[in-house]
Amino acid sequence: MEQKAAAGAAVRRLEMLVDEDDVLPGALRLIRELRPHWPPQRIKTKHFTDGITNKLVGCYVDEDMMDTVLVRIYGERTELLVDRENEVRNFQLLWAHGCAPKLYCTFQNGLCYEFLKGTALGPEHIREPGIFRLIAREMAKIHTIHANGSLPKPNLWHKMHSYFSLVKDEISSRLSQGMPSVEVLEQEMAWLKEHLSQLDSPIVLCHNDLLCKNIIYNETEGHVRFIDYEYAGYNYQAFDIGNHFNEFAGVNEVDYSLYPRRETQMLWLQHYLQAHKQLSKDHPGGSAVTPREVERLYVQVNHFALASHFFWAFWALIQNRYSTIDFDFLRYALIRFDQYFKAKPLVTALEMPK
Numbered sequence: 035m036e037q038k039a040a041a042g043a044a045v046r047r048l049e050m051l052v053d054e055d056d057v058l059p060g061a062l063r064l065i066r067e068l069r070p071h072w073p074p075q076r077i078k079t080k081h082f083t084d085g086i087t088n089k090l091v092g093c094y095v096d097e098d099m100m101d102t103v104l105v106r107i108y109g110e111r112t113e114l115l116v117d118r119e120n121e122v123r124n125f126q127l128l129w130a131h132g133c134a135p136k137l138y139c140t141f142q143n144g145l146c147y148e149f150l151k152g153t154a155l156g157p158e159h160i161r162e163p164g165i166f167r168l169i170a171r172e173m174a175k176i177h178t179i180h181a182n183g184s185l186p187k188p189n190l191w192h193k194m195h196s197y198f199s200l201v202k203d204e205i206s207s208r209l210s211q212g213m214p215s216v217e218v219l220e221q222e223m224a225w226l227k228e229h230l231s232q233l234d235s236p237i238v239l240c241h242n243d244l245l246c247k248n249i250i251y252n253e254t255e256g257h258v259r260f261i262d263y264e265y266a267g268y269n270y271q272a273f274d275i276g277n278h279f280n281e282f283a284g285v286n287e288v289d290y291s292l293y294p295r296r297e298t299q300m301l302w303l304q305h306y307l308q309a310h311k312q313l314s315k316d317h318p319g320g321s322a323v324t325p326r327e328v329e330r331l332y333v334q335v336n337h338f339a340l341a342s343h344f345f346w347a348f349w350a351l352i353q354n355r356y357s358t359i360d361f362d363f364l365r366y367a368l369i370r371f372d373q374y375f376k377a378k379p380l381v382t383a384l385e386m387p388k
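Here it is in structure tokens:
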């Protein structure tokens, strides 16, 4: 109950700026505020290098890293991509429901929060039934967190159009590199919005960025937790799942032959729907999941996976312009557009069960 009450509490704010090109001095200044009892000479640091949006460093004194403070420095111009106030609200909300680490403070260009013990997963892990059952359940848990009052609108279309408006010039200048034209992309976005809005996917609280490295597996305790809530918000249930299925292909070496086959998806969705019914206020204690329900969600998810390709392609083009992180964002954008056009005819052939 105490955690629930704290969901809306103000987060500590430290008026400090950390130099993203020289993170350690700033991180140590923050730690002096957050952990004043730590002897400065004993503080150790660890850089985490998997992120492609932000920079991340862990600070700790004990070798077991039980009390580790993570300092995350926002990437260059990421305010174009991320609503930081919304991120903090979602961080607090998810923590209150036992789905997120504790947020210690915000500072001028970042956050400090609790380190979750466990393994950040890779594409090879999320295909394992023993692990994907846990992922499906954790996603269902987040999807059953209720909004206060009326349900907000999905953030997908607003964000996608916002990203698109920022990269129109970039798109026009890259046509010779295989980039679809602005006109084609506008037509496809209009089609996506009209087509997907008719599928009646529920609006729920979504993570919206469930790539492998955002899933922490604690083998000892037998659970997974999701991290990084920059893109979290109310959205279509099927988008969150379809977006995760796209991440089976990986990020650094993208391989869409790894996109989950129908049998894998059906098993994943069965686990998800069972957990959703057990956790939902509409089905207290749960009820049986029917084959029709699984088939219906399968069709919705694969349609919304198309929108995920567009969303992250536009995101990558913005990153290509501003990010200082060493990653080929342009290549990634082209891969996502290419996969959209490859997958579209296969997906549109899928029909809702009668």
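Under the working numbering, residues 35 to 388 are what the sequence shown spells out, in order. For every residue, glycine included, the Cβ atom is placed at its ideal position computed from N, Cα and C. These numbers were taken from a predicted model, which means no experiment stands behind them.
Using the beta-carbon count (16 or more within 10 Å), is residue i buried or exposed?
{"i": "Ala-347", "result": "buried"}
{"i": "Ala-43", "result": "exposed"}
{"i": "Leu-51", "result": "exposed"}
{"i": "Leu-209", "result": "exposed"}
{"i": "Val-218", "result": "exposed"}
{"i": "Asn-286", "result": "exposed"}
{"i": "Phe-141", "result": "buried"}
{"i": "Ile-49", "result": "For the record, residue 49 in the displayed sequence is Glu; it is not Ile. By the 10 Å Cβ count, Glu-49 comes out exposed."}
{"i": "Gly-267", "result": "buried"}
{"i": "Glu-119", "result": "exposed"}
{"i": "Thr-178", "result": "buried"}
{"i": "Phe-29", "result": "Because the chain here runs from 35 to 388, residue 29 falls outside it and cannot be looked at."}
{"i": "Gly-276", "result": "buried"}
{"i": "Gly-256", "result": "exposed"}
{"i": "Arg-259", "result": "buried"}
{"i": "Phe-375", "result": "exposed"}
{"i": "Gln-390", "result": "Absent from the structure is residue 390, since the part of the chain shown begins at 35 and ends at 388."}
Provide the residue(s) that pair with residue i in DSSP beta bridges, ordered along the chain.
{"i": "Phe-260", "result": "Ile-249"}
{"i": "Cys-139", "result": "Cys-146"}
{"i": "Asn-269", "result": "Val-238"}
{"i": "Gln-153", "result": "Residue identity check: residue 153 is Thr in the sequence provided, not Gln. Paired residues: Tyr-251."}
From residue i to residue j, what distance separates their C-alpha atoms?
{"i": "Glu-329", "j": "Pro-186", "result": "27 Å"}
{"i": "Tyr-356", "j": "Lys-202", "result": "15 Å"}
{"i": "Pro-157", "j": "Ser-321", "result": "32 Å"}
{"i": "Gly-132", "j": "Leu-313", "result": "14 Å"}
{"i": "Met-99", "j": "Lys-151", "result": "8 Å"}
{"i": "Val-333", "j": "Asn-143", "result": "40 Å"}
{"i": "Glu-97", "j": "His-81", "result": "15 Å"}
{"i": "Asp-19", "j": "Gly-60", "result": "For residue 19 there is no data in the structure shown, the boundaries of the chain being 35 and 388."}
{"i": "Glu-36", "j": "Arg-46", "result": "With a pLDDT of only 49 at Glu-36, under 50, the local geometry of the prediction cannot be trusted, and the value read off the model is given with reservation. C-alpha separation (whole angstroms): 17 Å."}
{"i": "Asp-101", "j": "Lys-136", "result": "12 Å"}
{"i": "Ser-235", "j": "Leu-307", "result": "13 Å"}
{"i": "Leu-331", "j": "Leu-68", "result": "45 Å"}
{"i": "Val-103", "j": "Leu-62", "result": "11 Å"}
{"i": "Arg-370", "j": "Arg-66", "result": "43 Å"}
{"i": "Pro-387", "j": "Arg-326", "result": "6 Å"}
{"i": "Ile-389", "j": "Leu-90", "result": "Beyond the ends of the chain as shown, which are 35 and 388, falls residue 389; an answer cannot be given."}
{"i": "Ala-174", "j": "Leu-64", "result": "35 Å"}
{"i": "Val-216", "j": "Ile-205", "result": "7 Å"}
{"i": "Tyr-263", "j": "Tyr-197", "result": "18 Å"}
{"i": "Ala-309", "j": "Ala-130", "result": "20 Å"}
{"i": "His-195", "j": "Gln-221", "result": "12 Å"}
{"i": "Ile-261", "j": "Ser-207", "result": "35 Å"}
{"i": "Pro-214", "j": "Cys-93", "result": "44 Å"}
{"i": "Ala-377", "j": "Val-288", "result": "15 Å"}
{"i": "Lys-311", "j": "Gln-353", "result": "38 Å"}
{"i": "Ala-39", "j": "Gln-373", "result": "Unreliable placement is indicated for Ala-39, whose pLDDT of 49 sits below 50; the coordinate value is still reported in the next sentence. Rounded to the nearest angstrom, the two C-alpha atoms are 44 Å apart."}
{"i": "Glu-113", "j": "His-192", "result": "15 Å"}
{"i": "Lys-247", "j": "Ile-165", "result": "14 Å"}
{"i": "Cys-139", "j": "Leu-128", "result": "16 Å"}
{"i": "Phe-273", "j": "Leu-145", "result": "27 Å"}
Please decide whether residue i counts as near chain C, where near means a Cβ-Cβ distance under 8 Å.
{"i": "Phe-371", "result": "In the structure shown, chain C cannot be found, because there is only a single protein chain."}
For the ligand SAM, any of its heavy atoms closer than 7 Å to the Cβ of residue i?
{"i": "Leu-301", "result": "You won't find the ligand SAM in this model; it holds no ligand whatsoever."}
Problem - Length at least 4, wholly inside the segment 41-113: the alpha helix (DSSP H) runs in chain order - result: 57-68
Practice task
Would you check if the segment 376-385 and the segment 327-340 touch, i.e. whether three or more CB-CB distances between them fall below 8 Å?
Solution key: Cβ pair count under 8 Å is three or more, so yes.
Practice task
Answer yes if the segment 232-246 comes into contact with the segment 270-281, meaning at least three C-beta pairs across the two stretches below 8 Å, and no otherwise.
Solution key: yes
Exercise for the section: Kindly confirm or deny that the segment 232-241 and the segment 292-303 touch, where touching means at least three C-beta pairs closer than 8 Å. Expected result: The segment 232-241 vs the segment 292-303: no contact.
Practice task
Take every Cβ of the segment 120-138, pair it with every Cβ of the segment 219-237, and state whether three or more of those distances are shorter than 8 Å.
Solution key: Contact between the segment 120-138 and the segment 219-237 is not established, with fewer than three Cβ pairs separated by less than 8 Å.
Problem - At least 3 beta-carbon pairs within less than 8 Å: the segment 249-256 vs the segment 162-171 - result: Two segments are said to touch when three or more pairs of C-beta atoms, one from each, lie closer than 8 Å; by this definition the segment 249-256 touches the segment 162-171.
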